[in-house]
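Visitor: Handing you a structure now.
Residue numbers (our numbering): 2 to 252.
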């Protein structure tokens, strides 16, 4: 341990740069560097610092607030959940995504009760973390607009982060690209409403046939809702929307 957060803080708060500021907290310096490198590869996110103990994290956050904390549970001076409790007691409101090898359900449940937005179990892939960060970014953009929300919008907000953890790229059938699958998921996840196959293809930069193939896969696995829209010609057009994960069921 070096006694202070490493990599140095960013000079400006996230509100100035427009990026989401992230503190990476992990007792293993090598793992912290890898996680920080992953975060830096996701557009719209920047790493403010790395901390390797609860004390380092607290000292940094007392003078450099961040938007998001990627938090390991196993720290040398106290566990990650105790750190979250202390942060809340001190008035820190940064969002938390747990990134840890702790798999016991008691820890998972405690993390949920303390308000962790996601729980990513080690080892994980860059795609797994990126999907969750992008869902978090979409959630923040929605909430930052302010105003009031209809029930459908509330459902989309609460379903966004749960959906980000569903259908891992490793579960894809042969011949399907994890990158393309993630792109299609993100487009549906952040869409303002149902989209046609052509709209999804245009946003993803892929052919209509390719978009159709991935949409059929998502439809078979129950991850999208499908509706018909009739145009002036009378020919129905399929329109797709992301289906929030059912907290009580498996997918």
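Heads up, the beta-carbon is just placed ideally off N, CA and C, and yes, glycines get one too.
1) Closer than 8 angstroms is the cut-off here; do at least three beta carbon pairs connect the region 55-68 with the region 99-116?
2) Tell me the start and end of each unbroken beta strand (DSSP E) in the region 71-149 that is at least 3 residues and wholly inside, in chain order.
3) Below 8 angstroms, how does it come out for the region 88-98 and the region 42-53: are there three or more Cβ pairs, yes or no?
4) Going by the CB atoms, is the gap between residue 216 and residue 201 shorter than 8 angstroms?
5) Does the region 134-144 come close enough to the region 103-112 that 3 or more CB-CB pairs lie under 8 angstroms?
6) Pick out whichever of 226, 230, 34 has its Cα sitting closest to the Cα of residue 243.
7) In or out: residue 208 buried (at least 16 other Cβ within 10 Å) or exposed?
8) Between 236, 223, 149, 49, which has its C-alpha nearest residue 95's C-alpha?
9) Give me whichever residues DSSP pairs with residue 225 in a beta bridge.
10) Using only the alpha-carbon positions, how far apart do residue 72 and residue 230 sit?
11) Can you check which of these residues, 63, 67, 75, 21, is closest to residue 33 by C-alpha distance?
12) What is the C-beta distance between residue 118 and residue 97, in whole angstroms, given that I count them as a contact (C-beta under 8 angstroms)?
13) Restricting to Cα atoms, I'd like to know which of 197, 186, 134 is closest to residue 223.
14) By DSSP's criteria, residue 231 is part of a beta bridge. Which residues make up the other side?
Guide: Let me lay it out:
1) They do not touch, by the three-pair rule.
2) Under the rule that a run must span 3 or more residues, the beta strand (DSSP E) segments found entirely inside the region 71-149 read 96-101, 119-122.
3) Three or more beta-carbon pairs separated by less than 8 angstroms are not found between the region 88-98 and the region 42-53, which leaves the two stretches without contact.
4) Indexing the chain shown from 1 puts residue 201 at position 200. Indexing the chain shown from 1 puts residue 216 at position 215. Cβ atoms of residue 201 and residue 216: closer than 8 angstroms.
5) By the C-beta criterion, the region 103-112 is judged not to be in contact with the region 134-144, since fewer than 3 inter-stretch pairs fall below 8 angstroms.
6) What you label residue 243 is simply residue 242 of the chain shown in a count that begins at 1. Among 226, 230, 34, the Cα nearest to that of residue 243 is on 226.
7) Here residue 208 refers to the residue found at position 207 of the chain shown. Exposed is the call here.
8) Numbered from 1 along the chain shown, position 94 holds the residue referred to as residue 95. Shortest Cα-Cα distance from residue 95 to any of 236, 223, 149, 49 involves 49.
9) On the chain shown, position 224 is the one that residue 225 refers to. Under DSSP, residue 225 takes part in a beta bridge, and its partners are 243.
10) Numbered from 1 along the chain shown, position 71 holds the residue referred to as residue 72. Numbered from 1 along the chain shown, position 229 holds the residue referred to as residue 230. Spanning the two alpha carbons is a distance of roughly 44 angstroms.
11) Your numbering for residue 33 matches position 32 in the chain shown. Comparing Cα-Cα distances from residue 33 to each of 63, 67, 75, 21, the minimum goes to 75.
12) In the chain shown, counting from the first residue as 1, residue 118 sits at position 117. In the chain shown, counting from the first residue as 1, residue 97 sits at position 96. Here residue 118 really is in contact with residue 97; their C-beta atoms are around 7 angstroms apart, less than 8 angstroms.
13) Here residue 223 is taken as the residue at index 222 of the chain shown, counted from 1. That would be 186, whose Cα lies nearest to the Cα of residue 223.
14) Looking up residue 231 in the chain shown gives position 230. Looking at the DSSP output, residue 231 shares a beta bridge with 237.
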